[in-house]
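For reference, the structure discussed in these notes is given below.
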Amino acid sequence: KLSRRLAQLLEQIPTGSVLADIGSDHALLPAAAVQEGRAVRAIAGEVNPGPYEAARRTVAETGLGAAVEVRRGDGLDVVEAGEADCITIAGMGGGLIASILERGAAAGKLNGVKQLLLQPNVGEDIVRRWLDRNGWLLTGERILEEDGKIYEVLAAIPSAAEAAPYGAGLYADSTLADGNGPIIDREIKYLMGPWLLRSGGEIFEAKWRSEIDKLKKIRESLSRSEQGAAEEKSAELEARIRKIAEVL
Ligand code: SAM
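Position 190, counted from 1, in the sequence shown is what the working numbering calls 193; the numbers after and before it change by one each time, with no gaps.
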């Protein structure tokens, strides 16, 4: 059975997709996507030998060899341009996800891709910034908790495709939907997520309250230090804490 985290990705894979799951490890997601009829076929990409073998085992054990192909390689190197229309990248840092997308885009591997589903473990802001600057439109964000950890799943489409219904002002500096909230700047939207800021919820609040606590601890340890740069850094932290607290 899939984890709740991977199930959240699975249910957003458009039916009929050719899926490429990059950094697939055990290939659980592509196997489930084919079994559930969401993907007509799938590629499981892995760069490391252990996970690559694990992916091959899953495919052998499930008898899905005709529909799920395991390929060894770095990032999007494993797909041909135009081959996949849905790409999933889950369970790694946001910096790594953005660099895989960046290198893939430069090689034309995102041409024809209609759906990106990304689940960074940390550094979600790096992924949002990359999407925003590279012609991808964030169409939804989900947040969930599993085994005491909080995960975010980001869904994006090429922004030219359907810019009108979603596009306007997603990252523009603005108030929340009702127009009465505080002004939220772009950096806070990258950090916390424009859709999650709107939907809020218990898990979202818990995540950011704990982040505020962490930042406060850093600030306290700074205020005990004697270094010259501490004051400036402390003011920066204070501003960040205030901006996060303001939108919760
Ligand atoms: N996607 C699965 C999930 O979410 O459960 C597995 C996540 S696992 C923590 C991260 C996987 O990404 C590892 O198996 C690792 O070998 C793979 N990986 C890391 N960098 C990669 C890269 N540049 N290209 C392909 N795979 C990579």
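Glycine residues also receive a C-beta, built at the ideal position from the N, C-alpha and C atoms.
Whether residue i touches residue j by CB criterion (8 Å)
{"i": "PRO54", "j": "ALA45", "result": "no"}
{"i": "ALA35", "j": "LEU5", "result": "yes"}
{"i": "ARG8", "j": "TYR174", "result": "no"}
{"i": "ILE25", "j": "ILE92", "result": "yes"}
{"i": "LEU157", "j": "GLU144", "result": "yes"}
{"i": "ASP88", "j": "VAL116", "result": "yes"}
{"i": "LEU147", "j": "GLN11", "result": "yes"}
{"i": "GLY94", "j": "GLN118", "result": "no"}
{"i": "LEU140", "j": "ALA159", "result": "yes"}
{"i": "VAL73", "j": "GLY96", "result": "no"}
{"i": "VAL37", "j": "VAL71", "result": "yes"}
{"i": "ALA42", "j": "ILE90", "result": "no"}
{"i": "LEU240", "j": "TRP211", "result": "no"}
{"i": "GLY196", "j": "ARG131", "result": "yes"}
{"i": "ALA69", "j": "HIS29", "result": "no"}
{"i": "ALA101", "j": "TRP133", "result": "yes"}
Buried or exposed by the 16-neighbour rule on C-beta atoms within 10 Å, applied to residue i
{"i": "ALA167", "result": "Because the pLDDT of ALA167 is 47, which lies under 50, any placement of that residue in the model is unreliable, and the number read from its coordinates should be weighed accordingly. Its Cβ having fewer than 16 others within 10 Å, ALA167 is exposed."}
{"i": "GLY19", "result": "exposed"}
{"i": "ALA171", "result": "At ALA171 the pLDDT is 49, less than 50, meaning the model places this residue with poor confidence; the figure from the coordinates comes in the next sentence. Counting Cβ neighbours within 10 Å, ALA171 comes out exposed, since fewer than 16 surround it."}
{"i": "LYS152", "result": "exposed"}
{"i": "ILE186", "result": "exposed"}
{"i": "SER27", "result": "buried"}
{"i": "GLU67", "result": "In the sequence under discussion, the amino acid at residue 67 is Leu, which differs from the Glu named in the question. Buried: at least 16 other Cβ atoms inside 10 Å."}
{"i": "GLU127", "result": "buried"}
{"i": "GLU49", "result": "buried"}
{"i": "GLY111", "result": "exposed"}
{"i": "GLY231", "result": "exposed"}
{"i": "GLY78", "result": "buried"}
{"i": "ALA238", "result": "exposed"}
{"i": "ALA248", "result": "exposed"}
{"i": "ALA209", "result": "exposed"}
Three-state secondary structure assigned by DSSP to residue i
{"i": "ALA159", "result": "strand"}
{"i": "VAL130", "result": "helix"}
{"i": "GLU125", "result": "A small correction: the amino acid at residue 125 is Val; Glu does not occupy that position in the sequence shown. DSSP places VAL125 in coil when its eight states are reduced to three."}
{"i": "ILE146", "result": "strand"}
{"i": "LEU120", "result": "strand"}
{"i": "ILE187", "result": "strand"}
{"i": "LEU173", "result": "coil"}
{"i": "LEU140", "result": "strand"}
{"i": "LEU251", "result": "coil"}
{"i": "LEU199", "result": "helix"}
Let me know the alpha helix (DSSP H) ranges lying completely inside the stretch 4-61, each 4 residues or longer, listed in chain order. 7-13, 31-38
Report yes or no: do the stretch 100-117 and the stretch 54-66 share at least 3 C-beta pairs separated by less than 8 Å? No, because fewer than three Cβ pairs between the stretch 100-117 and the stretch 54-66 fall closer than 8 Å, the two stretches do not touch.
Counting beta carbon pairs with one atom in the stretch 208-218 and one in the stretch 232-249, are three or more of them shorter than 8 Å? yes
Could you give the uninterrupted runs of the beta strand (DSSP E) lying entirely in the stretch 75-118, keeping only those of 3 residues or more? Entirely contained in the stretch 75-118, the beta strand (DSSP E) runs reaching 3 residues are, in chain order, 89-95.
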